[in-house]
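Comments concern the structure below.
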Amino acid sequence: MKLTTGLLPALALSAQALTVPLGLQPRFDVNDILALVAKLFPFDVTLEAAQKLSVAAEETLALAQGFKTTRQDLDDGKCSDLLVIFARGTHEPGNVGALVGPPFFKALEGSLANSHTMAVQGVDYEATVADYLEGGDPEGSQEM
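Quick note, the sequence shown lines up with residues -17 to -1, 1 to 127 if you use mature numbering (1 follows the signal peptide of the UniProt record, and there is no 0).
Listed below in structure tokens is the structure:
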């Protein structure tokens, strides 16, 4: 029940952030947002459980926006004028995430001339909070 109680407010907060046009979207401090969510919706969960909840919320958000959270264009052999290799943020879903990667790719594609193509390759690595606190994922560092 605690999981459901935390998920619905998190999704509601995410939906509010999406109503701002992409070009005018203010930059938020993630720590301030997490502190506010923890204050407004306190629930006792482990770091791993909170991470799973966050990933599930971001996957739902990406699905609602029509974004792909995994891009493998280079691995799939796609040839293009521009190749973007992208490593998602901590605990984001897929290999390009949902919050930064897909909107960034959309903006890049929009700025390309019609005759130019773009491919995106996400970096596969753990991107966990625990690895971040230890200084990064060693396997992910090698992959990048």
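Quick reminder that beta carbons are idealized off the backbone N, C-alpha and C, glycines included.
Residue i vs residue j beta-carbon contact at 8 Å
i	j	result
V112	A70	no
A45	P85	yes
A81	T100	no
T73	Y108	no
Q104	R54	yes
Nearest-angstrom Cα separation, counted from residue j out to residue i
i	j	result
C62	A102	7 Å
K22	A33	14 Å
L65	F24	43 Å
L57	G118	28 Å
A110	L91	24 Å
I68	S98	21 Å
S94	A47	24 Å
P76	V38	5 Å
A18	L30	14 Å
K35	D27	14 Å
DSSP three-state assignment for residue i, whether helix, strand or coil
i	result
G84	helix
E117	coil
D27	coil
Q125	helix
In chain order, which continuous runs of the beta strand (DSSP E) of length 3 or greater are located wholly inside the region 29 to 114? 65 to 69, 101 to 105
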